[in-house]
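Here the numbering used here runs 82 ahead of the position in the sequence shown, where the first position is 1. Every residue, glycine too, gets a C-beta built ideally from N, C-alpha and C. First the structure, in the form of structure tokens, and then the observations on it.
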Amino acid sequence: MNTLEIPKLPSRLILEPPLTDEEFEQMTMANELVKLERTKEGKIVVNPPTGLDSSSGNTEITRQLSNWRRQHRKGKVFDSNAGFFLSDGSSLSPDGA
């Protein structure tokens, strides 16, 4: 029986110099099938798909945020696929926002 060796990707990449916001955004758009975040130190974090429990929990968070938004008629709701550029230089995806 032949076994296929699957290369393991690193969970973090360090690019020197660190990417600008625009470069990071271009990288995420060019790699849409991979969920990427950036730490405040400039490290690129590769996130695997969530498991069933996490996905279900994220759905509940989004539902509750949507209900609050509908009731108060304020703001916007984003799921865990949204990425936000933060003032510390990071770009992160919350479970819900």
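A straight line joining the alpha-carbon of G165 with that of T85 spans about 37 Å. Per DSSP, reduced to three states, the secondary structure at E123 is coil, with no helix or strand assignment. Counting every other CB atom within 10 Å of its CB across the protein chains shown gives R120 a total of 16 or more, marking it as buried.
Assignment of F167 by DSSP, reduced to helix, strand and coil, places it in the strand class. D135: member of the alpha helix (DSSP H) spanning 134-154, first to last residue. Counting only residues of its own chain and dropping the five nearest sequence neighbours on each side, K125 has a CB closer than 6 Å to the CB of R94, I96.
Non-local C-beta neighbours of L101 in its own chain, meaning closer than 8 Å and more than five positions away in sequence, comprise M109, R120, G124, I126, ordered along the chain.
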